[in-house]
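**Student:**
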Amino acid sequence: MIDVRNLTKSFGNLYALRGLNLTVSRGTCLTIFGPNGAGKSTFIRILATLSKPTQGEIRIEGKDIFADAEQYRNRLGVIAHATYLYDELTARENLVFYSKLYGIPDRDATVNRLLDEVGLGKRGNDRVRTFSRGMQQRLSIARAMLHNPDILLLDEPYTGLDQHASEMLTGWIMKLRNDKRTIILITHDLAQGLEVADEVAIFLRGRVAHSAAAGDFSNKEFQQLYFETVAGGRTN
Amino acid sequence: MLTDSKSQRVENVLGLLLFLGMLMTLYNVFIYAPTEKSMGDVQRIFYFHVPSAFIAFLGFLVCAGYSVAFLIKRNHRYDRVAYVSAEIGVLFSTIVLITGMIWARPIWQTWWTWDPRLTTMFILWFLYIAYLMLRNFTGEDERGARFAAVFAIIASADVPIVYMSIRWWGDRMMHPKPVLMGDEDSGLAPEMLYTFLFALAVFLILYFYLMMLRLRQERTAEILNSMKKNLALHEE
Amino acid sequence: MTLVYKDLLSEFRSRETISSMLVFSMLVVAIFNFAFDPGSAYAQQAAPGILWVAFTFSGIIGLNRSFVHEVDKGCLHGLLLAPFEHGAIFFGKMLGNLIFISIVELLTLPLFAVFFNLQTLQGLPQLLVVILLTTLGFSAVGTLFSAISVNTKTREMMLPILFLPVVIPILLAAVNATAMIFDGKGWNDISDWLRLLAAFDLIFISLAYLTFGFVVEE
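From first to last, the protein sequence lines stand for chains V, U and Z. The first sequence lines up with residues 1 to 236 when you count with my numbering. The second sequence lines up with residues 237 to 472 when you count with my numbering. The third sequence lines up with residues 473 to 690 when you count with my numbering.
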């Protein structure tokens with residue numbers, strides 16, 4: 001269980017997060033929506049230990065994530081709109097590099113298995129620079145799954161993907177969800193985000209403005225709720 | 237609240253003291269202090285040159301100290317003090333270099349020489365020009381502040397290293413030895429000593445006055461910026 | 473180590489960094505030959521300085537590239553997410569830079585010796601030690617500042633402005649030691665400069681290592 005309490009990130013008078021509170025149960029998929037500047041990315045960065053909060057804490061199974069950040073990162077997989085891949089290396093070399101960083105024991109077997117799973121088994125020895133955006137994103141999924149993480153952070157993974165590639169990504173997220181992994185997804189796309197979610201949250205100005213179970217809405221109802229929430233937050 | 241009335245009062249008192257002190261210093265330097273035997277009237281620049289050097293080093297020391305404090309505590313007030321102090325340091329090191337050249341021309345028959353003290357001051361000046369440029373080319377966010385703090389720490393460690401390496405370079409010492417705490421034969425006449433110490437005290441007041449002034453300015457700018465940002469959010 | 477291997481492999485594929493560093497470094501050596509009357513006593517006297525100007529400026533080119541690859545596709549985040557302490561990334565990148573710059577320096581050296589008519593062979597071991605110690609210091613300071621400058625608005629512009637004033641003492645020691653070596657002095661004569669260089673390296677490496685975490689944090 002991920003427990004976020006009073007999370008604040010500020011510099012002087014500028015606030016990115018203002019006392020954010022949130023809980024995510026184990027094995028659920030939470031989708032976070034919100035306009036630009038709502039604090040979604042800042043939240044994900046802190047959750048990934050890339051940035052430190054000014055105040056507040058994130059506990060996972062009761063333990064502060066910064067208390068033993070190295071061990072926590074071992075459980076964490078991140079897929080973002082940036083792929084974290086090196087253009088000049090081949091797909092396989094990229095995966096081998098990252099699996100060395102994670103100290104994965106049966107490296108070659110893991111890399112081969114994942115290349116097959118994301119449908120790049122035949123392209124393993126090609127350089128990443130020759131890949132389409134969709135293929136790169138698939139390789140990026142393989143990269144994030146190398147160490148079999150049970151917590152996944154997905155930061156706008158749909159950016160720049162075509163129809164086919166994003167359907168594939170949705171399929172992957174569904175699969176990960178069925179494996180009972182905890183998933184936190186940030187997206188601008190209401191329909192796609194709602195489709196894979198167990199729960200949804202709307203961020204506004206560094207706080208959770210609305211949260212609910214995803215099953216409660218149809219697409220249309222949710223769209224209405226989202227626009228009302230965002231508009232309501234502006235006027236008060 | 238834009239102004240804090242207590243610090244405003246301190247600022248006013250300092251301003252008054254400074255005005256009177258400056259008048260006294262001018263009287264001391266040009267009328268009260270006796271003319272130096274071998275150098276003549278040009279020696280009087282010493283009463284501005286040496287206190288400026290003190291303030292320059294003080295400014296950089298404060299900058300480095302507050303940079304360390306900022307990295308540990310992440311309080312943006314510390315960052316503000318470091319920034320403002322470096323600015324004042326650049327101003328006074330410029331004065332040191334210029335007054336030094338004016339003095340050196342008649343005494344050494346040259347504007348400049350690569351003496352360890354001169355060179356160190358010159359490099360110090362470069363280091364903090366770089367510091368100010370770095371601040372200009374990063375955002376006014378926490379990351380920009382962290383970059384500047386890291387550079388200030390490296391730069392302040394560099395200053396003694398520069399001095400040492402130039403002393404090893406060879407015997408090029410031309411700069412007069414420190415008149416205070418120097419050798420026995422390098423003392424000052426009592427009137428000169430009094431004039432010097434008085435000027436030093438006035439320069440210290442000047443430093444603190446400038447600090448307060450600039451800090452207030454920066455605070456006001458920050459408040460204005462956050463107001464602008466809030467307005468922009470409402471209009472969106 | 474993994475990081476160093478990745479950097480080398482990646483560079484081996486594109487060869488863009490080392491080749492541009494090398495061409496630049498040779499150009500500096502050549503251009504200084506035109507600036508001073510070639511073969512004159514004056515040029516001979518300036519030789520150690522010219523050598524280090526070439527090394528310093530080509531080094532800056534390499535250091536500038538060091539983090540560009542990491543930032544472009546967000547790879548630095550990938551590294552930061554790995555389950556080890558962030559200081560390890562600093563040592564990995566520093567070592568990579570040390571190797572790149574050293575390679576370029578070693579390749580420039582023969583050309584330099586030809587242009588300046590040097591009988592360098594007898595002082596070669598001393599010169600190599602000076603180069604290694606100096607480049608180590610350059611890499612420590614440069615890796616840290618490269619991670620800073622890549623995140624500034626001006627990117628490449630910022631690195632030399634931060635880097636050059638800080639490395640002046642290292643440069644000074646290197647030029648002096650090199651001049652003594654060219655004069656045919658032995659280990660004993662340059663040992664003071666070597667010790668000074670080693671001390672600077674130690675100071676800069678530890679400071680850069682300690683502050684690197686603050687630079688890469690988001």
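Yeah, the Cβ is synthetic: ideal placement off N, Cα and C, and Gly gets one too. Fair warning: this is a prediction, and the values are worked out from it, not measured in the lab.
Using three-state DSSP, classify T528 (chain Z) as helix, strand or coil.
**Tutor:** In the structure shown, T528 (chain Z) adopts helical secondary structure according to DSSP, grouped into three states.
**Student:** Since E689 (chain Z) and K52 (chain V) are thought to touch, with beta carbons under 8 Å apart, how far apart are those beta carbons, to the nearest angstrom?
**Tutor:** With 8 Å as the limit, E689 (chain Z) and K52 (chain V) qualify as a contact, their Cβ atoms being about 7 Å apart.
**Student:** Identify the residues that DSSP records as bridge partners of Q55 (chain V): which are they?
**Tutor:** V:T8
**Student:** For G19 (chain V) and chain U, any beta-carbon pair shorter than 8 Å?
**Tutor:** no
**Student:** Just verifying my parser: in three-state terms, what is the DSSP assignment at T271 (chain U)?
**Tutor:** Here T271 (chain U) sits in coil by DSSP.
**Student:** Is A554 (chain Z) close to chain V? Criterion is C-beta to C-beta, closer than 8 Å.
**Tutor:** yes
**Student:** Count the other C-beta atoms from every protein chain shown that fall within 10 angstroms of the C-beta of N219 (chain V), then say buried if there are 16 or more, exposed otherwise.
**Tutor:** When all chains shown are included, N219 (chain V) counts as exposed.
**Student:** Among V:E88, V:G77, V:A209, whose alpha-carbon lies nearest the alpha-carbon of R181 (chain V)?
**Tutor:** V:G77
**Student:** Can you tell which of U:I389, U:S401, U:L254, U:L327 has its C-alpha closest to the C-alpha of D351 (chain U)?
**Tutor:** U:S401
**Student:** Taking only the alpha-carbon atoms, compute the straight-line gap between K9 (chain V) and Q55 (chain V) and give it to the nearest angstrom.
**Tutor:** 7 Å
**Student:** Taking beta-carbon pairs under 7 Å, can you tell me which members of the stretch 480 to 491 of chain Z lie near chain V?
**Tutor:** L481, S482, R485, S486
**Student:** Among Z:A519, Z:L548, Z:G685, which residue has its Cα nearest to the Cα of A585 (chain Z)?
**Tutor:** Z:A519
**Student:** Using a Cβ-Cβ cutoff of 9 Å, what residues of the stretch 621 to 639 of chain Z are near chain V? List them in chain order.
**Tutor:** none
**Student:** Do you know how far the Cα of A48 (chain V) is from the Cα of H81 (chain V)?
**Tutor:** 15 Å
**Student:** So which residues of chain V does H312 (chain U) contact, with C-beta pairs closer than 7 Å?
**Tutor:** F11, G12
**Student:** Please compile the residues from chain U whose C-beta is within a distance smaller than 7 Å of the C-beta of T54 (chain V).
**Tutor:** R310
**Student:** Which residues of chain U have a Cβ atom closer than 8 Å to the Cβ of L551 (chain Z), listed in chain order?
**Tutor:** Simply none; closest approach about 17 Å.
**Student:** My guess is that F328 (chain U) and S288 (chain U) are in contact by the Cβ rule of under 8 Å, so how many angstroms apart are they, rounded?
**Tutor:** 5 Å
**Student:** What are the residues of the stretch 440 to 466 of chain U that lie near chain V, defined by any Cβ-Cβ distance shorter than 8 Å?
**Tutor:** E458, I459, N461, S462, K465
**Student:** Going by the DSSP bridge assignment, what does V208 (chain V) pair with across the sheet?
**Tutor:** Paired residue(s): V:F203.
**Student:** Please classify I267 (chain U): is it buried, with 16 or more other beta-carbons within 10 angstroms of its beta-carbon, or exposed?
**Tutor:** exposed
**Student:** What does a CB cutoff of less than 7 Å around T624 (chain Z) pick up in its chain, not counting 5 residues either side in sequence?
**Tutor:** M630
**Student:** Find the nearest neighbour of I533 (chain Z) within the set Z:L553, Z:E488, Z:P555, Z:V501, judged by alpha-carbon distance.
**Tutor:** Z:E488
**Student:** Name the DSSP bridge partner or partners of Y15 (chain V)?
**Tutor:** Beta-bridge pairing links Y15 (chain V) to V:S10.
**Student:** Put K63 (chain V) into one of helix, strand or coil per three-state DSSP.
**Tutor:** K63 (chain V): strand per DSSP, three-state reduction.
**Student:** Identify which residue in V:L169, V:P157, V:R205 has its Cα closest to the Cα of G119 (chain V).
**Tutor:** Ranking V:L169, V:P157, V:R205 by CA distance to the CA of G119 (chain V) puts V:L169 first.
**Student:** Would you say E323 (chain U) reaches chain V, if we count a Cβ-Cβ gap shorter than 8 Å as a contact?
**Tutor:** no
**Student:** Say whether chain V places a C-beta atom closer than 8 Å to the C-beta of G418 (chain U).
**Tutor:** Per-residue confidence for G418 (chain U) stands at a pLDDT of 47, beneath the threshold of 50, marking its modelled position as unreliable; the derived number appears in the next sentence. It does not; no Cβ of chain V falls within 8 Å.
**Student:** What is the rounded straight-line gap between the Cα of G418 (chain U) and the Cα of P412 (chain U)?
**Tutor:** The predicted position of G418 (chain U) is uncertain, since its pLDDT is 47 and thus under 50; a value taken from the coordinates is nonetheless stated next. The alpha-carbon atoms of G418 (chain U) and P412 (chain U) are separated by roughly 10 Å.
**Student:** If the cut is a Cβ gap below 9 Å, which residues of chain Z does L333 (chain U) touch?
**Tutor:** The premise fails here: L333 (chain U) is roughly 15 Å from chain Z at the closest Cβ pair, so nothing lies under 9 Å.
**Student:** Determine the closest residue to F293 (chain U) out of U:M258, U:Y364, U:M260, U:G325, with distance taken between C-alpha atoms.
**Tutor:** U:G325
**Student:** Specify the secondary structure class of A82 (chain V) as computed by DSSP and reduced to three states.
**Tutor:** coil
**Student:** Taking beta-carbon pairs under 8 Å, can you tell me which members of the stretch 283 to 307 of chain U lie near chain Z?
**Tutor:** L307
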